Amino acid sequence: MSLIHQKLCIGETYIIDISDYLRKLTEELFSSYRVGNDRINLRLELEQVYMETDTAVPLGIVVNELVSNSLKHAFLPGKEGEIRVNLSRMKNYEKEFKNLGNSGIAPSCSNGKNLQFILTVEDNGRGIPKSMDLQNNDSLGLQLVNIFVEQIGGSIELNRDKGTKFNIRFSKLETEK
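Given below as C-alpha cells:
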C-alpha cells in the first residue's frame, strides 16, 4: 500500500503503471521473505499497463497475498523453486469468453475501449491441497483475494496440476497515462 501512496504523492495522479507497481511489490516481498532462502526465483512478465488506483490497489493486495502464500508455504526448506507473475491483455477475448461461459467477466464494449486482462500468479511448489475450497476456506489471505477479485468484477480460477496457479480475469476501461 505504501508503494501506491508514494506514486500518488509523487505524481499527484490517480493513474499508475501497474506493471512497475507489481514489479516493485514482488521484489520487496522476495526481499523480506528471502531470509535464508535464495533458491526461490521470481519471474515477471508484466505488460506495461496504466490503471486507476481503484483497480491497482485491489490487484496489489491480491498479488501480495498470493506471492506471500507461495513464499511461505509452497517450497520445502532448501528446495529450489520459481514463482511467476504475469499480467497481460487477453488475446482472442471473444473466443475465451465463450469457452469460459459467464464467469464474471464483462463482455467487451462495442466501442472497443474495454480491455480484458489476465493476471496469473503461479509457483512450481508442492501445491494447495485438493481438499481446500477456494471460495469457502479459513485462510484470511485467500478470503481477501476473493473479496478483491470480486471488487474489480473479475473471476478467479485455481489450477493445482503442477504446483499452484491462480488465473484472475478482469475487464477495465482503457486508461491513458
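Residue numbers (full-length UniProt numbering): 1 to 177. Ideal placement from N, C-alpha and C gives every residue a C-beta, glycine not left out. Here the structure is a predicted model, which means the values were calculated and not measured.
Check, Outcome
"Start and end residues, beta strand (DSSP E) containing ASP20", "Per DSSP, ASP20 belongs to no beta strand (DSSP E); it is in the alpha helix (DSSP H), 18-33."
"Residue from ARG43, ILE118, VAL63 and THR53 whose Cα sits closest to the Cα of GLY81", "ARG43"
"Of the listed residues LYS72, MET90, LEU22 and GLU28, nearest to VAL57 (C-alpha basis)", "LEU22"
"Beta-carbon gap between SER70 and VAL121 smaller than 9 angstroms", "yes"
"Enclosing alpha helix (DSSP H) for ILE118 [first to last residue]", "Note, ILE118: premise wrong, no alpha helix (DSSP H); beta strand (DSSP E) at 114-123."
"Straight-line gap, VAL63 to ILE16 (C-alpha atoms, nearest Å)", "16 angstroms"
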